[in-house]
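Asker: Following this message is one structure expressed as structure tokens.
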Amino acid sequence: MKEWRRGAGERQADARQAGARLARTKLTSARQTSAKLVGALLASAMLAGTGIFATGVLTGCASKNKGDKSDSGVTAGLSKEEIESLASTKAEQLGIPKDKLHEQYKFFLEYVDQVEKNPKLGNLRDFVILLFPDVAEHIKDENKAFYLEQLSRLQFEVGDIDFGGQYYSESDKVIFSSNYYKWTEHDNSFILFHETYHFVDRYIDGLEQSALYDGQNFTYIDEDFTYTGQDEPVRCYFAEEGMADLGVAKTLSNFFDSYYATCNFLTTMEYIYGEDVVEDMLYDRNTTGKFIEILRDLGYDNERIKQTITDFNAYTYDMWDMFGEPVGSFEDVLVDMYEKKIGPDWAKDPQFRYLLYNQTRAYTEARPFTGKYLHHEIDDLAKEELVKMQNRCAAINQKYDVFQQDEDPENYHTAFFQDGQLWISELVWAYDDQNEDVLKLQMLRYDFGSEKIVEQKTVDTIQLPGKMHEDYLANCETDDA
Numbered sequence: 000m001k002e003w004r005r006g007a008g009e010r011q012a013d014a015r016q017a018g019a020r021l022a023r024t025k026l027t028s029a030r031q032t033s034a035k036l037v038g039a040l041l042a043s044a045m046l047a048g049t050g051i052f053a054t055g056v057l058t059g060c061a062s063k064n065k066g067d068k069s070d071s072g073v074t075a076g077l078s079k080e081e082i083e084s085l086a087s088t089k090a091e092q093l094g095i096p097k098d099k100l101h102e103q104y105k106f107f108l109e110y111v112d113q114v115e116k117n118p119k120l121g122n123l124r125d126f127v128i129l130l131f132p133d134v135a136e137h138i139k140d141e142n143k144a145f146y147l148e149q150l151s152r153l154q155f156e157v158g159d160i161d162f163g164g165q166y167y168s169e170s171d172k173v174i175f176s177s178n179y180y181k182w183t184e185h186d187n188s189f190i191l192f193h194e195t196y197h198f199v200d201r202y203i204d205g206l207e208q209s210a211l212y213d214g215q216n217f218t219y220i221d222e223d224f225t226y227t228g229q230d231e232p233v234r235c236y237f238a239e240e241g242m243a244d245l246g247v248a249k250t251l252s253n254f255f256d257s258y259y260a261t262c263n264f265l266t267t268m269e270y271i272y273g274e275d276v277v278e279d280m281l282y283d284r285n286t287t288g289k290f291i292e293i294l295r296d297l298g299y300d301n302e303r304i305k306q307t308i309t310d311f312n313a314y315t316y317d318m319w320d321m322f323g324e325p326v327g328s329f330e331d332v333l334v335d336m337y338e339k340k341i342g343p344d345w346a347k348d349p350q351f352r353y354l355l356y357n358q359t360r361a362y363t364e365a366r367p368f369t370g371k372y373l374h375h376e377i378d379d380l381a382k383e384e385l386v387k388m389q390n391r392c393a394a395i396n397q398k399y400d401v402f403q404q405d406e407d408p409e410n411y412h413t414a415f416f417q418d419g420q421l422w423i424s425e426l427v428w429a430y431d432d433q434n435e436d437v438l439k440l441q442m443l444r445y446d447f448g449s450e451k452i453v454e455q456k457t458v459d460t461i462q463l464p465g466k467m468h469e470d471y472l473a474n475c476e477t478d479d480a
């Protein structure tokens, strides 16, 4: 377990390194930097292959039923009933429940067809298919054609790179490390899902926007622009990274592997504002503008808004040299949000106290928050919650003693909402039937007021249907030398 713990820290550092690399690239010379990296990558021919959807099922289907027929694309000539049946069959092949298609059967078949025809995805194309439920839930009808068009550009490459993976927006390329076969199936799949979520974020509501700050006002512009004059670019990179990890956690993994501070901040925002407000911000093409309006509603002036976003980006990437040393904290902003939206008694709310304490321990050891909280009560609250968390871990370990974990207060730091319920989860070691250690995921719904477990379940980490994990490893080095 200790070796895995060290591995987790290395993975989080890799994520921050890759993220910081992305932010710096966007803020300076993205195309030049990317070209240098791509030159060192393996040829995309390594990914030649087919996914489980390359079965020919989408072709040669004749309509036998009367009624309305689809008149375009891959579903041409099919009735609504036939489209639904075909979509349900293909979803079942991949292990996607029918209800997760959100009744968007025609769009699902068009999505699958576009992915299937894209040779640049190779035998990893099914990773893209598994993200469809989240795309279907959040995409607007007017953006579907645009999104499908972008799917034809998405590409995967394996490279001998010194971090886990990265998405390059200028080429719509996901690059992942050939060395990551050494990690678990959870790690391998999480990397691909996280990086591909950046593609989802970029296109689901049209091309992303950023902001320029001239020292007084914000101006919003499309992502593809050239910085001129003295205007300072402002963009919520922290939210983009948090969306990617939370998106994977909510739809596929029940856990996030990095960017703990950002993910916990967004989870706590969801507790305060509700899911609709937070998702409306994250899935909007102008996430930065949405967040600016939320901060403005707190009474922040434009200078403080700009500084808050800059601080959050610095914490997310551990990049003081690029963003400057932060002067504010996630916690103070969360308390301001609570007081504005709910009321003044935040220190008496057991669930908010847990989430706020979770925020205090989400900073990295290398870059902890060293300033003074504007809400000085946070210091005492964190000390009290630390003791409570130690007691919780001890009680959990005693109740579920098959899990080989120590009474580390850093446990159960993953918190996210799923179907309106707050879950906390932790990767733990358990014994299998052969008395061997296996990596599992323990999930809890916890009543922080009564200090009782409401619901507990032990699940496998990300499970990849068919031969997806085998296909992933086939694209990586398998020699430990």
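0 is the number of the first residue of the sequence shown in our numbering; add one for each residue after it. By construction, the Cβ of each residue, glycine as well, lies at the ideal position given by its N, Cα and C atoms.
Is the distance from the Cβ of A260 to the Cβ of V233 below 8 Å?
Answerer: no
Asker: Looking at F131 and Y110, is the spacing between their C-beta atoms short of 8 Å?
Answerer: yes
Asker: So, helix, strand or coil for E169, using DSSP?
Answerer: coil
Asker: Within 10 Å of its beta-carbon, does L373 have 16 or more other beta-carbons around it, so buried, or fewer, so exposed?
Answerer: exposed
Asker: In chain order, what residues of the same chain have a beta carbon less than 6 Å from the beta carbon of Y104, not counting five sequence neighbours either side?
Answerer: I82, E83, A86
Asker: When you compare the CB positions of D171 and F198, do they come within less than 8 Å of one another, or not?
Answerer: Result yes, Cβ atoms of D171 and F198 sit closer than 8 Å.
Asker: Exposed or buried, T287, counting other C-beta atoms within 10 Å across all chains shown (16 or more means buried)?
Answerer: buried
Asker: CB-CB under 6 Å to R152, same chain, minus the five flanking residues each way: which ones, in chain order?
Answerer: D171
Asker: How should G370 be labelled, buried or exposed, when 16 other C-beta atoms within 10 angstroms of its C-beta is the threshold for buried?
Answerer: exposed
Asker: What is the DSSP secondary structure of V233, reduced to helix, strand or coil?
Answerer: strand
Asker: By how many angstroms is the C-alpha of D213 removed from the C-alpha of T457?
Answerer: Their Cα atoms are separated by approximately 51 Å.
Asker: Can you grab the Cα-Cα spacing for the pair G164 / I174, in whole Å?
Answerer: 5 Å
Asker: Note down the Cα distance separating V342 from E169, rounded to an integer number of angstroms.
Answerer: Looking at the sequence shown, residue 342 is not Val but Gly. The straight-line gap from Cα to Cα measures roughly 44 Å.
Asker: Can you tell me where the alpha helix (DSSP H) holding L108 begins and where it ends?
Answerer: 104 to 115
Asker: Quick one, which of I291, K451, L297 has its alpha-carbon nearest T309's?
Answerer: I291
Asker: Can you find the residues in the same chain that come closer than 6 Å, C-beta to C-beta, to D159, ignoring five residues on each side of it along the sequence?
Answerer: S177
Asker: Between the Cα of Y270 and the Cα atoms of L421, G241, V134, T315, which residue gives the shortest distance?
Answerer: L421
Asker: How many whole angstroms separate the CB atoms of L354 and T267, which I take to be in contact at a CB cut-off of 8 Å?
Answerer: 4 Å
Asker: Is the beta carbon of T315 closer than 8 Å to that of L294?
Answerer: no
Asker: Return helix, strand or coil for F254, following the three-state DSSP convention.
Answerer: coil
Asker: One question on the structure: do I203 and Y166 come within less than 8 Å of each other, judged by their Cβ atoms?
Answerer: No, these two residues do not count as a Cβ contact at 8 Å.
Asker: Under 8 Å between the Cβ atoms of Q154 and L120?
Answerer: yes
Asker: Would you give the residue range spanned by the beta strand (DSSP E) that K456 belongs to?
Answerer: 451 to 458
Asker: Just the C-alpha distance for Y299 and N216, rounded to the nearest angstrom, thanks.
Answerer: 13 Å
Asker: Using the three-state DSSP reduction, which class does V427 fall into: helix, strand or coil?
Answerer: strand
Asker: Compare the Cα-Cα distances from C392 to each of D320, L443, L281 and report the closest residue.
Answerer: Of the candidates D320, L443, L281, L443 places its Cα closest to the Cα of C392.
Asker: For L108, collect the residues of the same chain with a Cβ closer than 6 Å to its Cβ; drop the 5 residues on either side in sequence, then sort them by chain order.
Answerer: V73, T74, A86
Asker: Starting from the Cα of V332, find the closest Cα among I423, M318, T359 and give me that residue.
Answerer: T359
Asker: Looking at N142: is its Cβ nearer than 8 Å to the Cβ of G205?
Answerer: yes
Asker: Can D275 and K289 be called in contact, C-beta distance under 8 Å?
Answerer: no
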